[in-house]
Amino acid sequence: MASPLDKFKQEFAKQVAGSLGLPDSEIPSIYGQVRVPEREHGDLSISFFQLGKQLSRPPLELAAQAAKKVPNSTPVGPHLNATIDRTRLASEIIPAARNADFGDSQDGEGRTVVIDFSSPNIAKPLAFHHIRSTVIGAAVGRLHRSQGWRVVGINYLGDWGKQFGLLATGFRRYGDPAKRADAKHLIEVYVKANQDADVEGLRAKMNGPSELRALVTELETARQLEKTAADDKETKKREKKTKQLEKKLRGLRGLTDDSDPLEGLLEFIEEKDAEAERATSALPAAEAKDQEARLFFKKLEEKDPVALAEWREFRETSIAEFQRVYRRMGIEFTAIEGESFYTDVLEATVARVSEKPGTERDQGALIAKLEQKPGEPPVLLQTKDGTTLYITRDIAAAIDRHERFQFNRALYVVAQDQALHFQQLFRLLGAMGFDFAKDMQHVAFGRVHGMSTRRGSVIFLDEVLDESVAKAREICEASDRIDRAHLDETVEAIGIGAVVFGDLKNLRTSDYTFKWEEVLNFEGFTGPYVQFSHARACSILEKGGGAPGSADLSLLALPEERDLILALAAFPGAVKDACEAFEPSYVTRALLEVAQRTASYFTAGNREREKRILVDGNPALQAARLQLVDAVRCTLAKGLSLLGVAAPKAM
RNA sequence: GGCCCCGUAGCUCAGUUGGAUAGAGCGACGGUUUCCUAAACCGUAGGCCACAGGUUCGAAUCCUGUCGGGGUCGCCA
């Protein structure tokens with residue numbers, strides 16, 4: 003379905019061309035210049051700067067000339083603003099919006115998209131930040147489906163790699179054999195085992211004192227230099243440097259912004275020395291444990307039956323736990339696979355790279371011969387002890403997926419910090435001669451801050467959902483609107499909806515900081531806000547006996563109604579754009595606009611009785627308004643379902 | 001240091017290919033419940049769009065530089 007607004011834009015462009023005596027061939031270019039302006043400037047607008055230049059005529063003159071021929075238009079300086087006929091607008095939008103396929107199209111018909119999303123690591127917990135890939139990927143999938151694509155959603159588990167060795171070897175030390183199938187227990191074990199083998203962390207601590215001393219020396223020198231600067235500019239520069247160093251040192255020491263970072267330094271250095279000493283003595287043990295984990299993984303790669311059996315068991319447990327959370331969020335996959343699917347073809351994959359574009363040994367590791375940008379690290383296919391790395395498995399997976407699904411587009415919904423990995427993956431596939439590499443895209447998203455593992459502040463996704471549902475329950479139990487029989491279902495819808503919608507509200511590329519009060523916010527522009535408008539629409543429809551089959555939509559003359567209809571009209575375009583840009587937030591924002599206009603409209607009816615939907619003694623008007631309310635209900639439900647958020651009928 | 005992303009109201013963020021007086025939500029202040037759901041609505045205050053140049057009839061948007069923040073940079077994924 004073409005966007006309903008498009009039709010009016012096209013028409014406007016045609017009228018403008020006609021009014022200036024331009025040939026039809028100019029219409030597409032003019033159409034490209036038509037905008038939806040701010041509300042006070044009408045519904046459609048064009049500025050004549052470009053055409054002015056093209057025709058060598060003053061824009062003001064063109065605007066004035068066009069206004070004479072284009073219906074419902076006013077020239078304002080170099081702009082021409084037009085108003086869409088109210089009745090035509092209503093009768094174009096409302097019937098379309100009342101249909102369940104509102105916003106759908108056939109743009110992607112006959113094409114297949116493979117979406118790699120969620121993809122948690124087995125053995126590690128499903129933490130809150132996993133919501134990003136999961137929810138964005140699922141929404142991008144639904145968006146593609148709504149645009150006619152065949153969608154293959156793959157949960158590509160990180161089920162192959164050293165981290166699994168950590169879990170398995172760690173279980174021998176900390177595991178309770180009775181709890182082998184307890185996912186939460188496995189996570190505890192993994193966290194401990196990971197700490198035990200934290201070679202990098204220990205090395206950093208060992209280097210701590212010397213780095214600290216270097217920093218202190220640098221700072222002392224900087225302070226000296228500050229006094230001997232030749233001119234003002236130089237002084238400023240050196241002051242900056244000092245400030246930077248001070249900030250760094252304060253950061254290391256965990257001091258407040260106004261304290262002198264050199265104060266009480268000796269003690270701190272002593273602490274660091276002691277810490278380094280402890281790290282030095284702990285290192286051999288950590289290295290041993292790290293090596294143990296590596297060996298376990300090597301055994302897996304060599305298909306050791308005992309190791310494989312253990313791996314299989316832990317894997318099943320993890321997947322069952324993930325599935326429970328996915329079910330709560332209404333997330334489905336076409337396939338749950340993992341890196342382990344490609345163990346059999348890894349050798350062949352490496353061989354294939356060796357042929358084209360070629361490989362070489364470097365410090366014992368196998369790297370691909372790929373043109374590197376300056377400063378770019380090489381692509382490692384195998385470690386020095388012969389185990390594969392994830393890029394090798396990704397190469398195998400990409401080839402396999404193309405063979406299986408013949409995709410026209412392959413998306414990887416993975417955090418921004420892996421941008422380099424995907425850049426290299428796609429480039430390498432291209433260098434291997436795979437044409438489909440050009441159809442692959444990394445759909446990157448920003449980080450969730452404020453829950454770093456180092457501070458031990460891992461927040462589980464499930465835990466956040468629980469808290470949110472609990473809050474919804476508290477509010478709902480105080481209300482007498484909700485049928486007790488549907489209470490559980492409703493609070494689940496609202497609680498989870500708030501969390502999911504909250505994540506999809508921001509542009510996917512922006513980072514955000516986890517804050518309980520924000521994740522659990524139900525006020526303002528949130529999921530519950532949209533759900534609330536939807537529930538009110540349902541309630542009014544019920545009271546009015548449903549939407550009538552026919553109505554005279556020309557009766558919808560209120561400004562609130564016009565604003566609302568325009569918000570509905572923007573929905574299909576938002577869905578289309580969201581699909582093209584892999585940006586669910588476009589839909590989120592379009593829905594908020596509809597929900598807001600709806601809330602204003604309904605509330606206006608409380609202040610002024612003649613604006614009520616259910617009008618006394620005017621069945622024709624009531625019929626028209628009920629159809630509009632039904633269009634709202636339907637659009638909000640449709641939009642929320644695209645985002646994976648439930649739309650309760652009452653709340 | 002190299003490469004990538006970012007800097008918009010007190011806070012969190014929109015502003016899609018350059019267009020009119022830069023918009024929301026939260027918070028602040030002031031109103032609205034005999035009114036179809038107050039998880040709401042209406043209003044007020046709040047901005048050198050980091051800074052400096054440049055391109056353009058026109059720049060929050062494009063280019064260059066500076067400052068500030070984040071990410072990433074060989075055997076983890």
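Each residue of the first sequence is one higher than the last, beginning at 3 in the working numbering.
Every residue, glycine too, gets a C-beta built ideally from N, C-alpha and C.
{"Item": "For leucine 413 and lysine 274, the rounded distance between their alpha carbons", "Value": "46 Å"}
{"Item": "Assigned secondary structure, leucine 642 (DSSP; H/G/I helix, E/B strand, else coil)", "Value": "helix"}
{"Item": "Rounded C-alpha distance that separates glutamate 40 from threonine 136", "Value": "35 Å"}
{"Item": "CB contact flag (valine 521, valine 460, <8 Å)", "Value": "no"}
{"Item": "Same chain, Cβ closer than 8 Å to glutamate 479, neighbours up to 5 away in sequence not counted", "Value": "Leu489"}
{"Item": "Helix, strand or coil at aspartate 419 according to DSSP, with G and I counted as helix", "Value": "helix"}
{"Item": "Residues near leucine 310 by beta carbon distance below 8 Å, same chain, minus five either side", "Value": "Leu302"}
{"Item": "Reference tyrosine 392; option with closest CA among Gln426, Val201 and Gly377", "Value": "Gln426"}
{"Item": "Validate contact between the stretch 555-572 and the stretch 512-532 using beta carbons, cut 8 Å, 3 pairs", "Value": "no"}
{"Item": "Cα-Cα separation between asparagine 101 and threonine 637, rounded to whole angstroms", "Value": "8 Å"}
{"Item": "Coarse secondary structure for glutamine 443, derived from DSSP in three states", "Value": "strand"}
{"Item": "Three-state secondary structure (DSSP) of glycine 340", "Value": "strand"}
{"Item": "Buried versus exposed, by CB contacts within 10 Å (16 or more), arginine 174", "Value": "exposed"}
{"Item": "Delimiting residues of the beta strand (DSSP E) encompassing alanine 276", "Value": "It is not in any beta strand (DSSP E) - alanine 276 instead sits in the alpha helix (DSSP H) that spans 267-303."}
{"Item": "Closest Cα partner of glutamine 35 within the set Glu373, Ser58 and Leu53", "Value": "Leu53"}
{"Item": "Rounded straight-line distance, which links the Cα of isoleucine 117 to that of leucine 159", "Value": "13 Å"}
{"Item": "Beta-bridge pairing of valine 191 - partner residues as DSSP gives them", "Value": "DSSP lists no partner for valine 191."}
{"Item": "Coarse secondary structure for phenylalanine 14, derived from DSSP in three states", "Value": "helix"}
{"Item": "Sufficient close CB pairs (3 or more, under 8 Å) joining the stretch 557-576 to the stretch 535-548", "Value": "no"}
{"Item": "Buried versus exposed call for alanine 350 [16 or more other C-beta atoms within 10 Å across all chains shown]", "Value": "exposed"}
{"Item": "Whole-angstrom C-beta distance between alanine 446 and threonine 511, which should lie under 8 Å", "Value": "6 Å"}
{"Item": "Within 8 Å, strictly: CB atoms of histidine 131 and proline 122", "Value": "no"}
{"Item": "Paired residues, beta bridge with leucine 368 - DSSP", "Value": "Arg363 and Gln384"}
{"Item": "Same chain, Cβ closer than 8 Å to alanine 421, five either side skipped, listed in chain order", "Value": "His444 and Ala446"}
{"Item": "Buried or exposed by the 16-neighbour rule on C-beta atoms within 10 Å, applied to phenylalanine 10", "Value": "buried"}
{"Item": "Chain-order list of residues whose beta-carbon lies under 6 Å from that of alanine 474 (same chain, five-residue window excluded)", "Value": "Val493, Ile496 and Gly497"}
{"Item": "Simplified DSSP assignment, three categories, for asparagine 608", "Value": "helix"}
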